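The sequence shown begins at 2 in our numbering and counts up by one.
Positions of the beta carbon are idealized from the N, C-alpha and C atoms, including for glycine.
Keep in mind it's a predicted model, so treat the numbers as computed, not measured.
Structure record follows, encoded as structure tokens.
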Amino acid sequence: EIRAQLIEQQKCLEQQTEMRVQLLQDLQDFFRKKSEIEMEYSRNLEKLAERFMAKTRSTKDHQQYKKDQNLLSPVNCWYLLLNQVRRESKDHATLSDIYLNNVIMRFMQISEDSTRMFKKSKEIAFQLHEDLMKVLNELYTVMKTYHMYHAESISAESKLKEAEKQEEKQIGRSGDPVFHIRLEDRHQRRSSVKKIEKMKEKRQAKYSENKLKSIKARNEYLLTLEATNASVFKYYIHDLSDLID
Numbered sequence: 002e003i004r005a006q007l008i009e010q011q012k013c014l015e016q017q018t019e020m021r022v023q024l025l026q027d028l029q030d031f032f033r034k035k036s037e038i039e040m041e042y043s044r045n046l047e048k049l050a051e052r053f054m055a056k057t058r059s060t061k062d063h064q065q066y067k068k069d070q071n072l073l074s075p076v077n078c079w080y081l082l083l084n085q086v087r088r089e090s091k092d093h094a095t096l097s098d099i100y101l102n103n104v105i106m107r108f109m110q111i112s113e114d115s116t117r118m119f120k121k122s123k124e125i126a127f128q129l130h131e132d133l134m135k136v137l138n139e140l141y142t143v144m145k146t147y148h149m150y151h152a153e154s155i156s157a158e159s160k161l162k163e164a165e166k167q168e169e170k171q172i173g174r175s176g177d178p179v180f181h182i183r184l185e186d187r188h189q190r191r192s193s194v195k196k197i198e199k200m201k202e203k204r205q206a207k208y209s210e211n212k213l214k215s216i217k218a219r220n221e222y223l224l225t226l227e228a229t230n231a232s233v234f235k236y237y238i239h240d241l242s243d244l245i246d
């Protein structure tokens, strides 16, 4: 389940980068078209101004304008308007150049940076995923070991209790009046008691050994669980948010 989540996160990161790159591409296309429109508009304004400038250069009004440029007259206003159109033409040409050589180039750089950062983020994410899976696999191994030793400890405890019951039962029989028991049966009972005592000692030793292993495995499991929780917390709260940002 964790691995499936990690794969899904990687897909989300890829989709986010693709959307960002596509948006940057759309912005480039938009400003490239806008640059063309601004340049076309600039040329049309220049043609418009030049046509009427050429029309009036040969007239007497033009000669009068050259003499009385500082006077406010219809002819002077006309020339001011045409000059204003020519300035607008230059402004739109400048704007077209800014779009083409500054804005679009900047978007291209951002797009390249985004692609490069995604590749780097993908490498980092892969390493983080590998580290996290390594920690989780280690936890799984430690947990299995603890469960195994815990089960063995319970089994050994059960066998020890069974031996204790047999010992109590045999001791109870040994308390019967001696004169009721034949000599051969007495030896057999003593032998049985010794066997049970020896079996109990072995089972006690086995139980103590398994109990100690179970305690050590449990402690290791708890420590590993704490470390794993810290790693998972760090990944989801810090590492993942850094990658997405």
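Residue 2 carries a coil assignment under DSSP once its states are collapsed to helix, strand and coil. A straight-line Cα-Cα distance of about 27 Å links residue 88 and residue 107. Counted as a single uninterrupted DSSP element, the stretch harbouring residue 104 is not any alpha helix (DSSP H), since DSSP gives it neither H nor E. Contact check for residue 204 against residue 161 passes: the beta carbons are separated by less than 8 Å. From the listed residues 42, 18, 147 and 110, the smallest Cα separation to residue 91 is found for 42.
At a Cβ-Cβ threshold of 8 Å, residue 99 and residue 29 do not count as neighbours. By a beta-carbon distance limit of 8 Å, residue 147 contacts residue 222. Their separation comes to about 4 Å. By the neighbour-count criterion, in which a residue is buried when 16 or more other Cβ atoms sit within 10 angstroms of its Cβ, residue 15 is exposed. The beta carbon of residue 225 lies closer than 7 Å to those of 139, 140 and 143 in the same chain, with the five residues before and after it left out. Looking only at 163, 156, 165 and 137, the smallest Cα-Cα distance to residue 230 is reached by 137.
Relative to residue 195, the option among 171, 211 and 215 whose CA is nearest is 171. Residue 22 and residue 153 have their alpha carbons spaced roughly 58 Å apart. Residue 55 sits exposed, since fewer than 16 C-beta atoms from the chains shown fall within 10 Å of its C-beta. Shown here for residue 129: same chain residues with a beta carbon closer than 7 Å to its own, the five before and five after excluded, namely 236 and 240 in chain order. In terms of Cβ geometry, residue 46 and residue 93 form a close pair [threshold 8 Å]. Residues of the same chain with a CB within less than 7 Å of the CB of residue 150, apart from the 5 flanking positions on each side, are 211, 214, 215 and 218 in chain order. Take the alpha-carbon of residue 206 and the one of residue 197: they are about 14 Å apart. In this structure, residue 97 keeps its C-beta atom at 8 Å or more from the C-beta atom of residue 51. Closest in alpha carbon position to residue 9, among 159, 200 and 123, is 123. Within 10 angstroms of the beta-carbon of residue 32 lie 16 or more other beta-carbons, which makes it buried. With a 10 Å radius around the Cβ and a threshold of 16 neighbouring Cβ atoms, residue 119 comes out buried.
For the pair residue 164 and residue 134, the CB atoms are not nearer than the 8 Å cut-off.
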